[in-house]
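Right, one structure below, let's go through it.
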Amino acid sequence: MTQPQQNGKVIEITPSNTIINVDNAANTKPSTAGNVEKLRSSLRPIMLYVVSTAQFLDIVNGASVSVAIIPIAEDLKFGVALLPWILNAYTISFAGLLLFSGRMGDLYGHRRIFMFGLFWFASWALVVSFSRSPIMFVISRALQGVGAACTVPTAMALISTSYPPGPERTKAFSVFAAFGGLGAVVGILMAGGLIASIGWPWIFRVSAIAAYVLLILAFFVIPSSPKKSAADRPHVDYLGSIASVSAVTGIVYYIIMGTEYGWANAKTLPVLFAALLCLAAFLYIESKVEHPIMPFRIWKSRLFATSVAIAFVLMAMMQGIIFYVNMIFQEVYGWSAIKTAVGFLVHALLAIVVFTILGRTIPRLPLKPLILAGFVFRCAAALMFAFVTENTSYWRLPFPALIVHVFGLGFSMLPVQITAVRDAANKDQGLVGAIYNTGLQLGAPFGIAILNVISISTNNQGAGSTVQAGPELMKGYKNALFGIVAFGVFGFILTVIILPWDKPVRPPKPVTSETKDPESLGKPVEESKEEVEEEMAFEKEAEMDAIEALALDSELAIIPPSGEQDGDESTIASRAESSK
Numbered sequence: 001m002t003q004p005q006q007n008g009k010v011i012e013i014t015p016s017n018t019i020i021n022v023d024n025a026a027n028t029k030p031s032t033a034g035n036v037e038k039l040r041s042s043l044r045p046i047m048l049y050v051v052s053t054a055q056f057l058d059i060v061n062g063a064s065v066s067v068a069i070i071p072i073a074e075d076l077k078f079g080v081a082l083l084p085w086i087l088n089a090y091t092i093s094f095a096g097l098l099l100f101s102g103r104m105g106d107l108y109g110h111r112r113i114f115m116f117g118l119f120w121f122a123s124w125a126l127v128v129s130f131s132r133s134p135i136m137f138v139i140s141r142a143l144q145g146v147g148a149a150c151t152v153p154t155a156m157a158l159i160s161t162s163y164p165p166g167p168e169r170t171k172a173f174s175v176f177a178a179f180g181g182l183g184a185v186v187g188i189l190m191a192g193g194l195i196a197s198i199g200w201p202w203i204f205r206v207s208a209i210a211a212y213v214l215l216i217l218a219f220f221v222i223p224s225s226p227k228k229s230a231a232d233r234p235h236v237d238y239l240g241s242i243a244s245v246s247a248v249t250g251i252v253y254y255i256i257m258g259t260e261y262g263w264a265n266a267k268t269l270p271v272l273f274a275a276l277l278c279l280a281a282f283l284y285i286e287s288k289v290e291h292p293i294m295p296f297r298i299w300k301s302r303l304f305a306t307s308v309a310i311a312f313v314l315m316a317m318m319q320g321i322i323f324y325v326n327m328i329f330q331e332v333y334g335w336s337a338i339k340t341a342v343g344f345l346v347h348a349l350l351a352i353v354v355f356t357i358l359g360r361t362i363p364r365l366p367l368k369p370l371i372l373a374g375f376v377f378r379c380a381a382a383l384m385f386a387f388v389t390e391n392t393s394y395w396r397l398p399f400p401a402l403i404v405h406v407f408g409l410g411f412s413m414l415p416v417q418i419t420a421v422r423d424a425a426n427k428d429q430g431l432v433g434a435i436y437n438t439g440l441q442l443g444a445p446f447g448i449a450i451l452n453v454i455s456i457s458t459n460n461q462g463a464g465s466t467v468q469a470g471p472e473l474m475k476g477y478k479n480a481l482f483g484i485v486a487f488g489v490f491g492f493i494l495t496v497i498i499l500p501w502d503k504p505v506r507p508p509k510p511v512t513s514e515t516k517d518p519e520s521l522g523k524p525v526e527e528s529k530e531e532v533e534e535e536m537a538f539e540k541e542a543e544m545d546a547i548e549a550l551a552l553d554s555e556l557a558i559i560p561p562s563g564e565q566d567g568d569e570s571t572i573a574s575r576a577e578s579s580k
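Residue numbers for the sequence shown follow the UniProt record's numbering, beginning at 1 and rising by one.
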């Protein structure tokens, strides 16, 4: 068959690879939308820093408010009953909506939900900054937490879907984790400076300005999600969503408020019962509906299930160490908030270095030994802090203990984050990120609650107690730090027994025209062949649609290779010839 030509241009198309051979490429007219997406793909490194900075903002916002509790309470005249809600309103709404927002990202597009989260977070941060009453502050703060819940799981999903398994994804998650570690210390420093100069409302105004800037950048650098056909339109599990939000919110409320009012108090115990009922209803609904918000199939991966449990323990340890080291600096040493933040500065700066180095070396190492080493380092750091007294020099114990803790963070949190998402298909990345972060959010208040019980009971800070502040509190802090060591021993045993041994993360094989084996497409080996073939079919359909659009746009002659004129190729060729 003679190949039709137009102005010397010939284009050959194969089913799995498109080869354009043009005498004068400058005369072609590629699709504008295609150019935009190609440009966004080339900006992937900038996208990584945008989504990492979004997580950084979430953590900065939480850490800075913990420093500003007293100025906010005095300015807005908070009563004793509402005082805990300065922090808890944000935490509870954030944790409660993680699962729902992560699944919405899978259904409607991670880019769309991420950008909505930034807009919502920034807008309510502004409202918080102009609050003139405790009720207005608490409600606005809770609504701001909704925006944060939309950004964190979708940020993880955007990284997982943009970087293939292997060194690239590991390095990307190391950047993401380093930004999170830096956020806690920057939040304390920023809050101290702003409160001392222009006032606490600017904590939220600065966050809002930064979030709006990120929103603009996200629009340009984050690729759009693939369009779904009518048959693949999202099906939202509304009943399951309501039950999951109610269950997680109630459990987090009980853990947080139990430390304030007591575990069997009339203000907390009914909430726990209601939350457990919602949890049971959620599990029942998910087992019956056709399109569940949390498909049970994701729990078939032992790697994922164990990673969530380990993350829960790790977060309980991390929050415990940061909380009690902060108490040691301020109560035992008598430091100000600013001096305390400076004391933590080495922790933040070293975290950037450690996470960067680990991001380059982890792909060559099995992850289980790293996680075990992380538990050992964290336990060692807690033990070092446990033997601090009011006369101990910062350089003798706290400084080296902070360094040891940084290595514990790097060796544990980053590998666990990688194992959590490794087995998940792209369509479940938002859900997986949401469940992982929910585990973190539950672990943090749970750890603080248990450790506070140990500390308070040791210091006998109940009714009639005279021990309220100063170095005398170190006895309770010491036992709480021993409790952190107990958490670490439990996590170490859990990792040894349950977490499967793995091989170093390898980059996926490149996709070529000869690639037919689903396992060579950069997918995890554990993923089912049916899921891989389904994604291959979707990608091929999208590819053929793009080929057809390019042919009609450029008004070029299109022919199938070596006489293959069946199926979609012949259709495209006939349409292209008719358009001449």
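Cβ coordinates follow ideal geometry from the N, Cα and C atoms, glycine included. If you're wondering where the values come from, they're calculated on a predicted model, not measured in any experiment.
Same chain, Cβ closer than 7 angstroms to residue i, five either side skipped, listed in chain order
| i | result |
| --- | --- |
| T438 | A95, L98, L99 and V248 |
| T419 | L303, S307 and L367 |
| I113 | S101, M104, G105, C150 and T154 |
| G192 | V67, A337, I338 and A341 |
| N265 | none |
| N326 | T340 |
| Y261 | K267 and T268 |
| I198 | none |
Proximity below 8 angstroms, CB of residue i to CB of residue j
| i | j | result |
| --- | --- | --- |
| F219 | M115 | yes |
| V146 | F137 | no |
| residue 601 | A178 | Given a span of 1 to 580 for the chain in the structure shown, any question on residue 601 remains unanswerable. |
| V67 | I256 | no |
| A142 | F204 | no |
| G430 | H235 | no |
| D58 | V186 | no |
| S52 | F130 | no |
| L494 | A309 | yes |
| V221 | L43 | yes |
| M156 | V421 | yes |
| F411 | L370 | yes |
| L481 | Y324 | yes |
| I321 | I209 | no |
| S174 | G359 | yes |
| Y333 | E390 | yes |
| W200 | P71 | yes |
N- and C-terminal bounds of the alpha helix (DSSP H) containing residue i
| i | result |
| --- | --- |
| W299 | It is not in any alpha helix (DSSP H) - W299 carries neither H nor E in the DSSP assignment. |
| W263 | Neither: W263 is in no alpha helix (DSSP H) and is coded neither H nor E. |
| R112 | H110 to S129 |
| L473 | Segment: none, L473 is in no alpha helix (DSSP H) and carries neither H nor E. |
| W200 | Run containing W200: none; DSSP gives neither H nor E here. |
| P134 | P134 to S162 |
| L440 | Q429 to N459 |
| R44 | R44 to V67 |
| S412 | P398 to R422 |
| I357 | A337 to T361 |
| R364 | Here R364 belongs to no alpha helix (DSSP H), and DSSP marks it neither H nor E. |
| residue 654 | In the structure displayed, the chain extends from 1 to 580; residue 654 sits before or after that span and is not available. |
| residue 613 | With the chain covering only 1 through 580, there is no way to say anything about residue 613. |
Cβ neighbours of residue i in the same chain (closer than 8 angstroms, five flanking residues each side left out)
| i | result |
| --- | --- |
| A274 | S246 and G250 |
| G79 | P134 |
| I328 | F385, V388, P398, M474 and Y477 |
| V252 | T91, I92, A95, G96, Q441, L442 and P445 |
Proximal residues to residue i (C-beta, below 6 angstroms), its chain only, five neighbours per side dropped
| i | result |
| --- | --- |
| L440 | A311 and M315 |
| A463 | Any answer about A463 is weak, because its pLDDT of 39 lies below 50 and its placement is not dependable; what the coordinates show is given next. Same-chain partners within the cutoff: there are none. |
| I293 | R103, D237, G240 and S241 |
| T259 | A449 and N452 |
| D545 | For D545, the predicted model reports a pLDDT of 46, less than 50, meaning its position is unreliable; a value from the coordinates is still stated below. There are no such residues. |
| F56 | F179 and G183 |
| Q330 | T340 |
Would you be able to state if there are at least three C-beta pairs under 8 angstroms between the region 472 to 491 and the region 288 to 300? no
Would you check if there are 3 or more beta carbon pairs closer than 8 angstroms linking the region 83 to 92 to the region 409 to 427? no
Does the structure place the region 444 to 460 close enough to the region 339 to 356 that three or more beta carbon pairs sit under 8 angstroms? no
Using a Cβ distance threshold of 8 angstroms, determine whether the region 202 to 217 contacts the region 100 to 119, with at least three qualifying pairs required. yes
Can you confirm whether the region 151 to 162 touches the region 47 to 67 when touching is taken to mean that 3 or more C-beta pairs between the two stretches lie within less than 8 angstroms? Yes: at least three Cβ pairs fall under 8 angstroms.
Counting pairs of Cβ atoms below 8 angstroms between the region 485 to 497 and the region 363 to 383, do you hit three or more? yes
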